[in-house]
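Asks: Quick one: structure below, then a few questions.
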Amino acid sequence: MGQDRADEGLITLDLGAPVWDKFFTVAPLVLVGTSEPDGSVDLAPKHMVTPLGWDNYIGFVCTPSHGTYQNAKRTGEFALTFPRPGGVLAASLASAPRCEDDEKVSLTLLETFPGERVSAPLAAGGYLYLECELSGIWDAFGRNSLIAGRIVAARVASDSVRRPERDDADTVAGAPLLAYLPPGRYAEISASQAFPFHSGMKR
Numbered sequence: 016m017g018q019d020r021a022d023e024g025l026i027t028l029d030l031g032a033p034v035w036d037k038f039f040t041v042a043p044l045v046l047v048g049t050s051e052p053d054g055s056v057d058l059a060p061k062h063m064v065t066p067l068g069w070d071n072y073i074g075f076v077c078t079p080s081h082g083t084y085q086n087a088k089r090t091g092e093f094a095l096t097f098p099r100p101g102g103v104l105a106a107s108l109a110s111a112p113r114c115e116d117d118e119k120v121s122l123t124l125l126e127t128f129p130g131e132r133v134s135a136p137l138a139a140g141g142y143l144y145l146e147c148e149l150s151g152i153w154d155a156f157g158r159n160s161l162i163a164g165r166i167v168a169a170r171v172a173s174d175s176v177r178r179p180e181r182d183d184a185d186t187v188a189g190a191p192l193l194a195y196l197p198p199g200r201y202a203e204i205s206a207s208q209a210f211p212f213h214s215g216m217k218r
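The sequence shown finishes on residue 218 if you use our numbering, and the numbering steps up by one all the way, no holes.
Written as structure tokens, this is what we have:
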């Protein structure tokens with residue numbers, strides 16, 4: 016009886032194909048910056064980005080056929096720009112395909128600057144910047160790979176940093192976050208509530 020209630024209204028998905036286009040989830044939208052072999056800038060939007068544990072490690076999913084993968088593997092570094100909601104256009108430009116000469120002309124429209132600890136580029140207008148040294152690459156997820164790095168420099172905009180004297184809800188309201196809703200939508204998050212953690216919960 017309980018199982019029937021749990022299954023009510025659920026649709027079983029065919030695992031013969033990836034399931035991710037069948038529903039929406041919430042993810043960050045991040046511009047991953049790497050340096051091309053000739054020293055030029057490469058930026059690519061990624062949404063499969065996540066902290067790896069509670070220490071200063073972070074990773075993202077990419078494929079070996081992408082320049083981002085090859086650049087990170089070759090240079091041993093990458094940089095992450097977390098755009099504000101107004102940075103959707105920049106992310107769109109960074110997603111443009113390369114031309115026949117392997118150039119991504121759309122990137123000339125974006126303002127970038129080098130990191131403090133790595134040479135990989137960052138994009139102007141973000142609220143969070145993370146510079147990373149490569150920790151490892153795992154080619155173990157079908158045609159995809161996990162690229163992980165240790166954060167060696169981090170900067171956050173003054174209106175986005177958490178402060179003891181300011182309510183977290185006011186911080187989010189004053190500096191809204193950009194969320195990607197795969198497979199193809201985005202949202203601006205400006206309202207939030209404190210999570211009701213159970214008493215005694217630990218990391």
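The beta carbon of each residue, even a glycine, is placed where N, CA and C say it ideally should be. These figures come from a predicted structure and were not determined experimentally.
Is Ala94 near Glu148, with beta carbons less than 7 Å apart?
Replies: Mapped onto the sequence shown, residue 94 falls at position 79. Mapped onto the sequence shown, residue 148 falls at position 133. No, the Cβ-Cβ distance between Ala94 and Glu148 is not below 7 Å.
Asks: Do Asn159 and Val41 count as a contact pair if the criterion is CB distance below 7 Å?
Replies: Here residue 41 is taken as the residue at index 26 of the sequence shown, counted from 1. Here residue 159 is taken as the residue at index 144 of the sequence shown, counted from 1. Contact: no.
Asks: According to DSSP, is Lys37 helix, strand or coil?
Replies: Residue numbering aside, residue 37 sits at position 22 when the sequence shown is read from its first letter. Residue state, collapsed to three classes: helix.
Asks: Short of 8 Å in beta carbon distance, which residues of its chain neighbour Glu190, apart from the five on each side in sequence? Order them along the chain.
Replies: What you label residue 190 is simply residue 175 of the sequence shown in a count that begins at 1. Note on identity: in this sequence residue 190 is Ala, with Glu being the wrong assignment. Within the same chain, Ala190 has close Cβ partners Arg99, Tyr142, Ala172, Asp174, Ser175.
Asks: Count the other CB atoms, across all protein chains shown, that sit within 10 Å of the CB of Pro60; report buried if there are 16 or more and exposed otherwise.
Replies: For this step, residue 60 is matched to residue 45 along the sequence shown. Classification for Pro60: buried.
Asks: Where do the ends of the beta strand (DSSP E) carrying Val45 lie?
Replies: Taking the sequence shown and counting its residues from 1, one reaches residue 45 at position 30. From DSSP, the beta strand (DSSP E) with Val45 extends over 45 to 50.
Asks: Counting Cβ pairs closer than 8 Å, one from the stretch 47 to 54 and one from the stretch 132 to 141, do we hit at least three?
Replies: Yes: the two stretches touch, three or more of their Cβ pairs being nearer than 8 Å.
Asks: Mark Gly164 as exposed unless 16 or more other C-beta atoms lie within 10 angstroms of its C-beta, in which case mark it buried.
Replies: Stepping through the sequence shown from its first residue, residue 164 is reached at position 149. It is buried - the Cβ of Gly164 has at least 16 other Cβ atoms within 10 Å.
Asks: Do you know offhand how far Glu92's Cα is from Asp154's?
Replies: Stepping through the sequence shown from its first residue, residue 92 is reached at position 77. Stepping through the sequence shown from its first residue, residue 154 is reached at position 139. Taking the straight line joining both Cα atoms gives about 17 Å.
Asks: Check each candidate in Ile204, Ala194, Glu180, Gly140 and name the one with the smallest Cα separation from Val187.
Replies: By 1-based counting over the sequence shown, the position of residue 187 is 172. Looking at the Cα atoms, Ile204 is the closest of the given residues.
Asks: Using the beta-carbon count (16 or more within 10 Å), is His62 buried or exposed?
Replies: Here residue 62 refers to the residue found at position 47 of the sequence shown. Its Cβ being crowded by 16 or more others within 10 Å, His62 is buried.
Asks: Output needed for Ala72: all residues of its chain with C-beta closer than 8 Å, excluding positions within five of it in sequence on either side, in chain order.
Replies: Looking up residue 72 in the sequence shown gives position 57. The question names Ala, but residue 72 is Tyr in the sequence shown. Only Pro66, Ser150, Ala163, Gly164, Arg165, Ile166 meet the Cβ criterion.
Asks: Go through its chain and collect everything with a Cβ distance to Gly130's Cβ below 7 Å, but skip five positions before and after it.
Replies: In the sequence shown, residue 130 corresponds to position 115, counting from 1. Closer than 7 Å at Cβ, skipping near neighbours: Ala94, Leu137, Glu146, Ala168.
Asks: How about Gly74 and Leu161: are their beta carbons less than 7 Å apart?
Replies: Your numbering for residue 74 matches position 59 in the sequence shown. Your numbering for residue 161 matches position 146 in the sequence shown. Yes, the Cβ-Cβ distance between Gly74 and Leu161 is below 7 Å.
Asks: Quick one, which of Val56, Lys88, Asp36 has its alpha-carbon nearest Gly199's?
Replies: What you label residue 199 is simply residue 184 of the sequence shown in a count that begins at 1. Closest option to Gly199, Cα to Cα, is Asp36.
Asks: Give every residue of the same chain whose Cβ lies closer than 6 Å to the Cβ of Gly140, excluding the five residues on either side of it in the sequence, and list them in chain order.
Replies: Here the question's residue 140 lines up with position 125 in the sequence shown. Excluding residues within five positions, the ones whose Cβ falls inside 6 Å are Gly102.
Asks: Could you work out which residue in Tyr84, Leu58, Asp53 is closest to Ile152 when comparing CA atoms only?
Replies: Taking the sequence shown and counting its residues from 1, one reaches residue 152 at position 137. Residue Tyr84 is the option with its Cα nearest to Ile152.
Asks: Can you give the beta carbon distance from Tyr201 to Leu44, rounded, assuming they're within the 8 Å contact cut?
Replies: One-based indexing of the sequence shown puts residue 201 at position 186. One-based indexing of the sequence shown puts residue 44 at position 29. Between Leu44 and Tyr201 the Cβ distance is about 7 Å, and since that is below 8 Å, they are a contact.
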